[in-house]
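Read through the structure below, which is laid out as structure tokens, and then see the notes.
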Amino acid sequence: MSATVFAEMSALAARTGALNLGQGFPDEDGPEYLRRLAADAVVGADGAPAGLNQYPPGSGLPSLRRAVAHHQHRHYALDVDPETEVLVTAGATEALAASVLALVEPGDEVVTLEPYYDAYAAVIALAGGVHRTISLHPGPDGFRIAEADVRAAFSSRTRLVIVNTPHNPTGTVLTRDELGWIAAAATAHDAVVVTDEVYEHLTFDGATHVPLATLPGMASRTLTVSSAGKSLSMTGWKVGWVHGPAPLVTAVRTVKQFLTYVASGPFQHAVAVALADDDGRTADYLAGLRGSLATRRDLLVAGLTAAGLRPVPSRGTYFVVADAAPAGHEDAAELCRRLPDVAGVVAIPVTAFCVAGSPTADALRSYVRFTFVKSEPTVTEAVRRLAASRG
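In my numbering, each residue's number is its place in the sequence shown (first place is 1) plus 306.
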């Protein structure tokens, strides 16, 4: 159902010319100096490394693997061996897919939060796994999980847990306590944890991203996934990575080599420079991006409220979720089908990120996800249209 809804919304956007607040990609490119680094590597400009248009090493450029390890130590005090514990992938999605395919056997249970990034359910099904979920519940402090729900999601058949924080689609940032509940359950059931941390640098209002691998005892059973796409506003570069214990990374590499094999040599070079950040330009860019995103988020929240919807607080990512029931819309899927024609805006029903017919899907039937990563003029015009179409 999720793929059908996304395809349907994209087609509606194309047909109507509506402003697309459904798809989470920027309409402005990331730092120019990084784009020039990649371009110089492609054309072989003076000073650029040679040979980057050919296959990079199977595990990724050594400079990028070292930069990932340095980044994790600098930001989170995690000690990572770039030679054996880092694997570069074609975006975070490949890292996640290769991890699940490497570690899950048919019949194994895989736990995720619900709602969830739609690729999780697809790759769990490809691996023959059984998808179990932990419900996220909307409230005045954003979407939160309950400890009892965490314990109930695990069983003797649980093999893998996928933890996404900062969280797409809800914009929540899991607290240390919430992560502790997941860590305790994973340890008790000897499950491997895969964390999706692609929005790690995009948090707001003082929210702090806590990598689950930093919790006591968790580094030895956690594969940490991230990428450059969201943080650097270069989603088309598809440069991601996974790091963790060498035996787990080796298992993931064994699968990954038969997926893309390798990808994105010139872009890997540029991302390595960005992560190393020897001159502080990446840190400056991220600070500016966080401030700009927070401003656009606040603009969108105010507009959604003016249109009669009830936004749920978002403290990270590109997204805000809002309840349309106060505006008289109990069925968000139907509302999203009408919005392009009546308001000139595209959004996604949150049920597209849920198990069809699940209690979570029923509870979130009237909730809609909007992205605020578009330019400020685009967000301004979108909220104007929504307010004008109220009722």
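We put the beta carbon where it would ideally sit given N, CA and C, even for glycine.
Residue i (DSSP reduced to helix, strand or coil)
i	result
PRO683	helix
ALA309	Unreliable positioning characterises ALA309 in this predicted model, as indicated by a pLDDT of 49, which lies under 50. The coordinate reading is nonetheless provided below. It is helical.
PHE510	coil
SER598	helix
VAL579	helix
TYR339	helix
ARG438	strand
GLY328	coil
THR611	helix
THR476	coil
GLY364	coil
HIS379	helix
SER369	helix
GLU296	For residue 296 there is no data in the structure shown, the boundaries of the chain being 307 and 697.
SER316	helix
LEU432	helix
GLN574	helix
GLY353	coil
LEU670	coil
LEU606	helix
THR556	helix
LEU485	helix
CYS660	coil
ALA345	helix
ALA569	coil
GLU640	helix
ALA694	helix
Integer Cβ distance of residue i from residue j, believed to fall under 8 angstroms
i	j	result
THR509	ARG621	6 angstroms
GLU391	GLY594	No, GLU391 and GLY594 are not in contact; Cβ-Cβ is about 32 angstroms, not under 8 angstroms.
GLY732	VAL689	Any answer about residue 732 is impossible in this case: the structure gives the chain only from 307 up to 697.
GLY546	VAL531	7 angstroms
VAL685	LEU605	5 angstroms
VAL656	PRO475	6 angstroms
VAL651	ARG691	6 angstroms
THR520	LEU384	6 angstroms
SER537	HIS575	With a Cβ gap of about 17 angstroms, SER537 and HIS575 do not count as contacting.
PRO388	ARG372	5 angstroms
ALA552	MET524	No, ALA552 and MET524 are not in contact; Cβ-Cβ is about 16 angstroms, not under 8 angstroms.
ARG671	ALA638	6 angstroms
LEU407	VAL561	5 angstroms
GLU400	LEU565	6 angstroms
C-beta atoms of residue i and residue j nearer than 9 angstroms
i	j	result
PRO332	LYS680	yes
ALA433	VAL417	no
ASP626	VAL607	It is worth fixing the name first, because residue 626 is Val in this sequence and not Asp. A contact, by the Cβ cut-off of 9 angstroms.
GLU682	SER570	no
VAL479	VAL500	no
THR623	GLU420	no
ALA628	GLU636	no
ARG463	LEU409	no
ALA534	VAL568	no
VAL394	LEU367	yes
THR439	ALA459	yes
ALA320	ALA649	no
ASP346	GLY336	no
PHE678	GLY328	no
ALA497	VAL456	no
VAL504	LEU485	no
ALA344	PRO646	no
TYR382	ASP502	no
VAL661	ALA452	no
ALA600	ASP511	yes
Sheet register partners of residue i (DSSP bridge)
i	result
SER462	Per DSSP, none; premise fails for SER462.
GLY448	GLY445
ILE654	ARG675
PRO617	ALA628
LEU419	ILE440
SER533	GLY546
VAL469	THR501
THR528	VAL499
GLY622	THR509
### Message
Give the list of continuous beta strand (DSSP E) stretches no shorter than 3 residues that lie fully inside the region 383-416.
### Response
392-395
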